[in-house]
Structures are given as structure tokens and as C-alpha cells.
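Visitor: Here you go, one structure.
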Amino acid sequence: MSYYELSETGQRLWWEYVQEYNLLIQREYPNGVNLKADFSNWDKLEDTSIHYYGDNFPNGEISDFSFNKKIQDLGGLVIFEFWQLPLWALNCTAEYVSACLLG
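In terms of the numbering used here, the sequence shown is residues 195 to 297.
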């Protein structure tokens, strides 16, 4: 996540700007097709899909729950969007829906 590439001052300013401009909706794209049924790899970079659109950082897309908690602590909302379904989700929709509600 590009946030972690900021200096300490930059990170402080980030949260000031988030509040000042009311940027309190965080969209998350969890690792999708590689997500294990027990969700144990939700935040494992090695299991993610490469992420290039928008910011062009050559990193995988994972969820950072401490970052998300800060958004929520500020009164914001975290929305998880799943673009690639794991194969197990095709037959276990109730369990997959529970993954969507984790945020």
C-alpha cells in the first residue's frame, strides 16, 4: 500500500486530509481467487493478484485491517469488493458471504 511508503510526516498529513476532505470510504479488493475457505490468507501478499490499475504499484492487493480500523475509528466505512471468486465459493455461498461481512 502506498500509504506505507510515506514518511511519518506524510502519514500524519494523510489522516488530516482524509478527515478534512471527508474521504472516509475505503474500498478493499481482497486476494480473490486464492482466498482460502478458512480466510487464513486474507492478508498474505504472496497469495494476492498483482495490482496495476490506478496507482501502478507492482504489489498485490491485500487488506490492511489496522488501516481499515483507523478509517472506521474516524467514522468511515470499509467496503470489500471481490472481483475474482475462489472456486470453493461457487459451492459455499454462505461462507463466502461471511467473508464479505468481515469489514
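For glycine and all other residues, C-beta sits at the position ideal for the given N, C-alpha and C.
Going straight from the alpha carbon of Gln213 to that of Gln266, what length do you get?
Guide: For Gln213 and Gln266, the distance between alpha carbons rounds to 12 Å.
Visitor: Just confirm the distance between the C-beta atoms of Gly269 and Ile219, as a whole number of angstroms; I'd bet it's less than 8 Å.
Guide: Not really, about 11 Å apart at Cβ, beyond 8 Å.
Visitor: In this structure, how does DSSP classify Phe274 when only helix, strand and coil are distinguished?
Guide: It is a strand residue.
Visitor: Rounded to whole angstroms, what is the Cα-Cα separation between Ser201 and Phe274?
Guide: Taking the straight line joining both Cα atoms gives about 27 Å.
Visitor: Tell me, to the nearest whole angstrom, how far the beta carbon of Asp241 is from that of Asn228; I am working on the premise that it is less than 8 Å.
Guide: The Cβ separation is near 4 Å, so the contact holds.
Visitor: Using the C-alpha atoms, what's the distance from Ser234 back to Glu222?
Guide: For Glu222 and Ser234, the distance between alpha carbons rounds to 17 Å.
Visitor: Mind checking Ala283: buried by the 16 CB within 10 Å criterion, or exposed?
Guide: Flag for Ala283 reads buried.
Visitor: Please classify Trp209 as buried or exposed, where buried requires at least 16 neighbouring CB atoms within 10 angstroms.
Guide: With fewer than 16 Cβ atoms within 10 Å of its Cβ, Trp209 is classed as exposed.
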